[in-house]
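J.:
Numbering (the working numbering), first residue to last: 869 to 1012.
1) By the DSSP assignment, the beta strand (DSSP E) with residue 962 in it spans what residues?
2) Counting only runs of 3+ residues fully inside the segment 943-1002, write out the beta strand (DSSP E) ranges in chain order.
3) Tell me which residues share the same chain as residue 884 and place their Cβ nearer than 8 Å to its Cβ, disregarding the 5 neighbours each side in the sequence.
4) Do you know offhand how far residue 943's Cα is from residue 881's?
5) Taking the alpha-carbon positions, what's the residue 1018 to residue 950 distance?
6) Which residue wins for smallest C-alpha separation from residue 879, given the options 892, 901, 895?
7) With a 10 Å radius around its C-beta and 16 neighbouring C-beta atoms as the bar for buried, classify residue 938 as buried or exposed.
8) Determine the closest residue to residue 970 out of 941, 931, 987, with distance taken between C-alpha atoms.
9) If you run the structure through DSSP and keep just helix, strand and coil, what is residue 930?
10) Where does the unbroken beta strand (DSSP E) through residue 936 begin, and where does it stop?
11) So if DSSP puts residue 877 in a beta bridge, which residue, or which two residues, is it bridged to?
12) How many Å lie between residue 956 and residue 995 at the Cα?
13) Quick one: residues in its chain with C-beta nearer than 7 Å to the C-beta of residue 988, no 5 flanking neighbours on either side, listed in chain order?
14) Since residue 984 and residue 893 are thought to touch, with beta carbons under 8 Å apart, how far apart are those beta carbons, to the nearest angstrom?
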């Protein structure tokens, strides 16, 4: 009998190496990714945590950490994910999608980091706050 393996969700951290906030976000994401991988390899028959705490752990995901800025298409998607009220948390001084794209094209350094994007689940967080990052990652199990 053949089993088809579900492809892993892709989570990207747009990282700035010299930024302590971005480094903390990278460390947190690596820990969550490692814990998800460890959980995925445990004996599932003896693990009942998914029944008692269904939203507490994240499914395994592929972590992509990049210091490159997003492409214009990626940026537009990120802005959709964060919503109108949070555009300024992604692009310095922008309040609309068009303004953000214009500022980004003029200067890619206007893109604030860290930004974490869960591409498969349509979520993004432009924050260094551990609670916000974990909330975004853990919300996925709530929708499944």
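Beta carbons are placed, not taken as given, at the ideal position from N, Cα and C, and that holds for glycine.
T.: The answer reads as follows:
1) In the DSSP assignment, residue 962 falls outside any beta strand (DSSP E), carrying neither H nor E.
2) Given a length threshold of 3 residues, each whole run of the beta strand (DSSP E) inside the segment 943-1002 is given here in chain order: 983-986, 991-993.
3) The answer, listed in chain order, is 890, 935, 981, 982.
4) Looking at the two C-alpha atoms, the distance is approximately 13 Å.
5) Beyond the ends of the chain as shown, which are 869 and 1012, falls residue 1018; an answer cannot be given.
6) It is 901.
7) Buried.
8) Selected option, being the one with the closest Cα: 941.
9) Reduced to three states, the DSSP call for residue 930 is strand.
10) No residue range can be given for residue 936, since it is assigned to no beta strand (DSSP E) and is classified by DSSP as neither H nor E.
11) 929, per the DSSP bridge assignment.
12) Looking at the two C-alpha atoms, the distance is approximately 11 Å.
13) Closer than 7 Å at Cβ, skipping near neighbours: 877, 878.
14) A Cβ-Cβ separation of about 6 Å places residue 984 in contact with residue 893 under the 8 Å criterion.
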